[in-house]
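Structure, as structure tokens:
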Amino acid sequence: MIQAGDTNRLDMSGLSKHPKTGVYRYRRAVPGDLRLMLGRREIIKSLDTKDRNLAKLRSHQVGAFVAEMLLAASEHPNNEHLKSLLDRFARTPFDDWDAETFDRWLGRAIGRDGFDDYEINRYVRKWFDWLIESGRVDVECVETEPGILFGPLTDRRAEVLFEEYIETTGLSGPLERDASAMKRFKAACLHVLDDHSEPVRRSDRRPQIATGSTRPKGRSDPVPLSKGMTLYKEAVGVRRSTGLDWDTAIGRLIAFMEEDCDVRHVTPDHMFDFRDRLLTYPSRPRKEHRDLSFGELCELSVHQPTIETLRPQTVNKNLAGISAMFEWLKRNRYMTHNPAEGVKAEGKKNLNRSRLPFDADDVRMIFGSGYPARSANADYWLPILAYFTGCRQEELAQLTVGAVKKHEGVAYLDIEGNVKNVSSVRPVPVHSRLVDLGFLDHVQSRGQPDRLLFDRLVLNKKGRLSDQFQKRFHRSLRDRGIVDSRKVFHSFRHLFVDFMRDSGIPIQVQNALTGHSGGGSNRTYGNGFSIPHLAHQMDSIRFWHLPFEPQQ
Numbered sequence: 028m029i030q031a032g033d034t035n036r037l038d039m040s041g042l043s044k045h046p047k048t049g050v051y052r053y054r055r056a057v058p059g060d061l062r063l064m065l066g067r068r069e070i071i072k073s074l075d076t077k078d079r080n081l082a083k084l085r086s087h088q089v090g091a092f093v094a095e096m097l098l099a100a101s102e103h104p105n106n107e108h109l110k111s112l113l114d115r116f117a118r119t120p121f122d123d124w125d126a127e128t129f130d131r132w133l134g135r136a137i138g139r140d141g142f143d144d145y146e147i148n149r150y151v152r153k154w155f156d157w158l159i160e161s162g163r164v165d166v167e168c169v170e171t172e173p174g175i176l177f178g179p180l181t182d183r184r185a186e187v188l189f190e191e192y193i194e195t196t197g198l199s200g201p202l203e204r205d206a207s208a209m210k211r212f213k214a215a216c217l218h219v220l221d222d223h224s225e226p227v228r229r230s231d232r233r234p235q236i237a238t239g240s241t242r243p244k245g246r247s248d249p250v251p252l253s254k255g256m257t258l259y260k261e262a263v264g265v266r267r268s269t270g271l272d273w274d275t276a277i278g279r280l281i282a283f284m285e286e287d288c289d290v291r292h293v294t295p296d297h298m299f300d301f302r303d304r305l306l307t308y309p310s311r312p313r314k315e316h317r318d319l320s321f322g323e324l325c326e327l328s329v330h331q332p333t334i335e336t337l338r339p340q341t342v343n344k345n346l347a348g349i350s351a352m353f354e355w356l357k358r359n360r361y362m363t364h365n366p367a368e369g370v371k372a373e374g375k376k377n378l379n380r381s382r383l384p385f386d387a388d389d390v391r392m393i394f395g396s397g398y399p400a401r402s403a404n405a406d407y408w409l410p411i412l413a414y415f416t417g418c419r420q421e422e423l424a425q426l427t428v429g430a431v432k433k434h435e436g437v438a439y440l441d442i443e444g445n446v447k448n449v450s451s452v453r454p455v456p457v458h459s460r461l462v463d464l465g466f467l468d469h470v471q472s473r474g475q476p477d478r479l480l481f482d483r484l485v486l487n488k489k490g491r492l493s494d495q496f497q498k499r500f501h502r503s504l505r506d507r508g509i510v511d512s513r514k515v516f517h518s519f520r521h522l523f524v525d526f527m528r529d530s531g532i533p534i535q536v537q538n539a540l541t542g543h544s545g546g547g548s549n550r551t552y553g554n555g556f557s558i559p560h561l562a563h564q565m566d567s568i569r570f571w572h573l574p575f576e577p578q579q
């Protein structure tokens, strides 16, 4: 019999309290006919709160996804992808759980294309990069942002470029199965192309195809700074992490202006003053300072010199995002000039370097006594892979079983997905010493192609898997006595480049293995180095011996 006030017991919403911690959980029994397939009798997920009202709200959110998951399992029996997704769902902390992302993964698991706005925008960005990288249009770049496309570009020519892209990339199949997605993707591509076309020559184009976008008829209505950034992000499409960075930048400008004012009220004098104040803004404001105004926060560093402030590089990153927004608003006749044009923080070159490679002593300490025992965990494999491949942290964290491929007998990592830029998409051959350490055996043991290669990785709100791992790794560095703040996980990448230089690897091969563009006009010609050639070069790199490797 359930006694009144016994909150440890399950209620009708699937809500229960952990008997020891008092943290609320969501619980639901798995139907008997699905238990073998899903590998569990009950679904339990911590709601990460002791507040009952908040727990009720979270319980409804989690319950809706679980109900959809169980329905999918009943309609798609023996689908191993669903079991993997459910396991991942159960172990992801609620604060790092993104319902939209998991819904998209569920759609893929059951063979539903599910092209949502996030994926459409991601493909639009890839299409625009492809236009520029492949030389199909002439473009003038404004700093790091795509600039103006030159030359008369008729709507028919734009459609031909669109059709050529989806055929080249193999997108035509899945998009043709989803007519709505095809229509939205095409409309978004043409809209972005129009936004970046040279205004003087738009009169040369035939009447615009309806793109589904709502262009304002008049420009007299006020456009607040926050709305201006929203319009810009929706038009060009950005990665979630980039969008959050730009939101931070525009939030700082609004705080500086002391209101979310009309974009036309911002002057060049404002922007130069804003730049100077940003250089005194604390990089990590303390909790007790969160109620202070923008100006008061800047004053703190004046009176307390020990407070760390934003670096010139960070200030310029903020200014670049804001300037790109103003430039887009100007091209679309929301304003007549870009008040942030030419505004840049000047900083002395850091002769001490912001990142250093690990040295031989560091490597012995990292991989020596206390290094994690061999397992499927990222803590064991990511440092080893970074040492032998030079790949970036997130490039390795997002690897799935299917991303380890073979070509002409050569095993390689197919680096794509959430990458830094177009040049980062590349094959990276697996070094023979990685094979000796059992990496390919580990890959084979993981099963399904879409399963992540490593455990203990949690997707955060920015869409990154490696952030929690990074914190653990950096703590382990300090615990081992590597206290120089310039030595971080990325130091493996610097060390890998040093290994290549010392081994006489040609610079073009170095760029191909690390995903650097290298500059020069010839980098966009041809198909690049063959995978067997890259593998031969990779195996000629001379690495230091790791403590747990068998003696040569």
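Numbered according to our numbering, the sequence shown spans residues 28 to 579.
The C-beta atom is built at its ideal place from N, Cα and C for all residues, glycine as well.
From a predicted model like this one, the values you see are computed outputs, not experimental measurements.
Check: Three-state class that DSSP yields for A393 in the structure shown; Outcome: Reading off the sequence, residue 393 comes out as Ile, not Ala. It is helical.
Check: Given 8 Å, three or more beta-carbon pairs between the stretch 355-363 and the stretch 287-303; Outcome: yes
Check: Separation of P120 from K488, as counted between CA atoms; Outcome: 11 Å
Check: Inter-residue CB distance, S350 and A367 (contact presumed, cutoff 8 Å); Outcome: 4 Å
Check: Cutoff 7 Å: L426 Cβ touching any chain D Cβ; Outcome: Note that chain D does not occur in the displayed structure, where there is just one protein chain.
Check: Which of helix, strand or coil DSSP assigns to R453; Outcome: strand
Check: Local conformation of T336 per DSSP, three classes; Outcome: strand
Check: Environment of D389 [buried if 16+ CB atoms lie within 10 Å]; Outcome: buried
Check: Pair within 7 Å by beta-carbon distance, S328 and T307; Outcome: yes
Check: Residue burial classification, P456 (beta-carbon count within 10 angstroms, cutoff 16); Outcome: buried
Check: As assigned by DSSP and simplified to three states, the class of T128; Outcome: helix
Check: Cβ-based burial, P332 [other Cβ within 10 Å; buried from 16]; Outcome: exposed
Check: Residue environment, K47, which counts as buried when at least 16 other CB atoms sit within 10 Å; Outcome: exposed
Check: Cβ shell of S548 (< 7 Å), same chain only, five flanking positions each side left out; Outcome: A caution first: S548 carries a pLDDT of 36, below 50, which makes its placement in the model unreliable, though a value can still be read off. Excluding residues within five positions, none has a Cβ falling inside 7 Å.
Check: Contact under 7 Å by Cβ, H25 with F415; Outcome: The shown model of the chain, from 28 to 579, leaves out residue 25, and the question about it has no answer.
Check: Backbone secondary structure at T257 - three-state DSSP; Outcome: helix
Check: When G66, R211, C216 are compared against F189, the one with the closest alpha-carbon; Outcome: C216
Check: A562 versus R520 - alpha carbon distance; Outcome: 18 Å
Check: Cross-strand partners of V437 (DSSP beta bridge); Outcome: H434
Check: Helix, strand or coil at S73 [DSSP, three-state]; Outcome: strand
Check: Beta-carbon proximity of R491 to E422, cut-off 7 Å; Outcome: no
Check: Distance between beta carbons of A136 and H108, contact taken as under 8 Å; Outcome: 4 Å
Check: Buried or exposed (CB count within 10 angstroms, at least 16 for buried), G49; Outcome: exposed
Check: Supposed close pair R483, A405 - CB separation, criterion 8 Å; Outcome: 5 Å
Check: Reduced DSSP category for A237 - H, G, I as helix; E, B as strand; rest coil; Outcome: Because A237 sits at a pLDDT of 33, beneath the cut-off of 50, its placement in the model cannot be relied upon, and the following sentence gives the value as read from the coordinates. Three-state DSSP puts A237 in coil, outside helix and strand.
Check: Touching by the beta-carbon criterion (3+ pairs, under 8 Å), the stretch 536-544 and the stretch 395-410; Outcome: no
Check: Neighbourhood of E354 by C-beta distance below 6 Å, restricted to the same chain and skipping five residues each side; Outcome: N365
Check: Limits of the beta strand (DSSP E) - the one that A282 falls within; Outcome: Element bounds for A282: not the beta strand (DSSP E) but the alpha helix (DSSP H), 267-284.
Check: Three-way DSSP call (helix, strand, coil) for H563 in this model; Outcome: helix
Check: Outcome for A430 when other beta-carbon atoms lying within 10 angstroms are tallied against a minimum of 16; Outcome: buried
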